[in-house]
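Reading through the structure tokens given below for one structure.
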Amino acid sequence: MLKRKTILLTLFFVALCYAANACHVLPKQKAQTNIMTDKPYPITLVIHGGAGTILKQNMTDSLEQQYRQALEQALLAGYAVLQNGGTSLNAVQAAIVFMEDSPLFNAGKGAVLTNEGTVELDAAVMDGKTGSAGAVAGIKTVKNPILAARKVMENSPHVMMTGTGADAFAKEQGLEIVDPAYFITDYRLRALQKILEQEKTDTTGYRIELSESGKEKYGTVGAIALDQYGNLAAGTSTGGMTNKRYGRIGDSPIIGAGTFARNSTCAVSATGHGEFFIRNVVAYDVSALMEYLHLPVQEAAKRVIFDKLLPQGGFGGLIALDQQGNFTMPFNSEGMYRGYMNAKTAKPQVFIFKDE
Ligand code: ASP
Numbered sequence: 220m221l222k223r224k225t226i227l228l229t230l231f232f233v234a235l236c237y238a239a240n241a242c243h244v245l246p247k248q249k250a251q252t253n254i255m256t257d258k259p260y261p262i263t264l265v266i267h268g269g270a271g272t273i274l275k276q277n278m279t280d281s282l283e284q285q286y287r288q289a290l291e292q293a294l295l296a297g298y299a300v301l302q303n304g305g306t307s308l309n310a311v312q313a314a315i316v317f318m319e320d321s322p323l324f325n326a327g328k329g330a331v332l333t334n335e336g337t338v339e340l341d342a343a344v345m346d347g348k349t350g351s352a353g354a355v356a357g358i359k360t361v362k363n364p365i366l367a368a369r370k371v372m373e374n375s376p377h378v379m380m381t382g383t384g385a386d387a388f389a390k391e392q393g394l395e396i397v398d399p400a401y402f403i404t405d406y407r408l409r410a411l412q413k414i415l416e417q418e419k420t421d422t423t424g425y426r427i428e429l430s431e432s433g434k435e436k437y438g439t440v441g442a443i444a445l446d447q448y449g450n451l452a453a454g455t456s457t458g459g460m461t462n463k464r465y466g467r468i469g470d471s472p473i474i475g476a477g478t479f480a481r482n483s484t485c486a487v488s489a490t491g492h493g494e495f496f497i498r499n500v501v502a503y504d505v506s507a508l509m510e511y512l513h514l515p516v517q518e519a520a521k522r523v524i525f526d527k528l529l530p531q532g533g534f535g536g537l538i539a540l541d542q543q544g545n546f547t548m549p550f551n552s553e554g555m556y557r558g559y560m561n562a563k564t565a566k567p568q569v570f571i572f573k574d575e
């Protein structure tokens, strides 16, 4: 009788541990102390929801509120993971999944449309501790592309998968598959219509991007995090740019361009006109300036965004975070949806415009 009771109790305990672990509430490792400062690592989450011509006068109060709320909720979702002893990778993932599910951002549901009126999604994730990375590009049926990027990183020997192959892999991995119509919103249909109209009279070749208001807006989403074990992670997810065609891929899923993480330097996620970010290897450049010139993260990011990209006409911004919890959110466009949460802030801090 006693033996049966012991077995039942043991089974109950094992099940409890398993459930807790599956929900990421049990830390798999112990919190670490930063040997440089002799203090615990300050858990931090920083996110962006895209940069571009985001001006107060072009936005209704209600839309502004919706954006602020969505950014706050994404921060809360990701920060809860860190607070409960979860990893930076899981925090990044939770914040991005929230923004992919929101129709407000150019990622997952609500992504911009290609020239054919379809949605082709790109995403990447990188682990600053191990240097492993995963990315998907041009996928059409995976509800949350960031989860597909994570599966590539963890369950395949590759870094990047594209198109139908990547969709098939994600399905095999058990990720949620949706009808491509799920991603399409009226707002993005109107934006495509507008640019197609403009194209008829434009002789300079095909153009990409231009929001409904006729101004560039890049609504890509990204998150970077530092967990209590001192590990950095970065992730980015996007629909790319309106009216893209011929299988165009931007910087977001390209490791080193739109996404990068290395514990010894920083975690970076970028948003902006992807072609410029690819040519300038932006995310890696921030890390390299820190590694080779020993610049602080703020200075390294500022140099890339203002001294390198701006003179070339490369508009956009990025978020970057180091292992001490120092972070920066520079952009050379009119605005950038952005925010952060750390131990010093009781509430999520979110910003949209330049003068905030
Ligand atoms: N960087 C993305 C791309 O070029 C667009 C964006 O940031 O919204 O695909």
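Read left to right, the sequence shown gives residues 220 to 575 (this note's numbering). Built from N, CA and C at the ideal position, the CB exists for glycine as well.
Item, Value
"Reduced DSSP category for T383 - H, G, I as helix; E, B as strand; rest coil", "helix"
"Selection from Q288, L308, R287 that minimises the alpha carbon distance to G297", "L308"
"Distance cut-off 7 Å: M460 Cβ against heavy atoms of the ligand ASP", "yes"
"Proximity test, H377 beta-carbon vs the ligand ASP heavy atom, cut-off 7 Å", "no"
"Cα-Cα separation, S506 to N374", "27 Å"
"G384 CB to nearest heavy atom of the ligand ASP below 7 Å", "no"
"Exposure label - E575; buried when at least 16 CB within 10 Å", "exposed"
"Beta-bridge partners of F550, as assigned by DSSP", "G536"
"Test item: CB-CB of S471 and A343 under 8 Å", "yes"
"With 16 other Cβ atoms within 10 Å as the buried cut-off, status of Q531", "exposed"
"Inter-residue CB distance, I443 and S488 (contact presumed, cutoff 8 Å)", "5 Å"
"Environment of H377 [buried if 16+ CB atoms lie within 10 Å]", "exposed"
"Cα-Cα separation between L494 and G535, rounded to whole angstroms", "First, the amino acid is wrong: residue 494 is Glu here, not Leu. Those two C-alpha atoms are separated by around 11 Å."
"Among P567, K258, M460, the one whose alpha carbon lies nearest that of N334", "M460"
"Candidates K249, D257, T263, of which the one nearest K563 by Cα", "T263"
"Reduced DSSP category for A172 - H, G, I as helix; E, B as strand; rest coil", "One cannot answer for residue 172 here, as it falls past the ends of the chain, which runs 220 to 575."
"T504 beta carbon near the ligand ASP (any heavy atom closer than 7 Å)", "Note that residue 504 corresponds to Asp in the displayed sequence, not to Thr. Because no heavy atom of the ligand ASP lies under 7 Å away, the Cβ of D504 does not count as near it: no."
"Rounded straight-line distance, which links the Cα of I266 to that of F317", "11 Å"
"Whole-Å CB distance - P399 paired with T360, under 8 Å assumed", "6 Å"
"Range covered by the alpha helix (DSSP H) that runs through D320", "307–320"
"Cβ neighbours of T404 in the same chain (closer than 8 Å, five flanking residues each side left out)", "P322, K328, G329"
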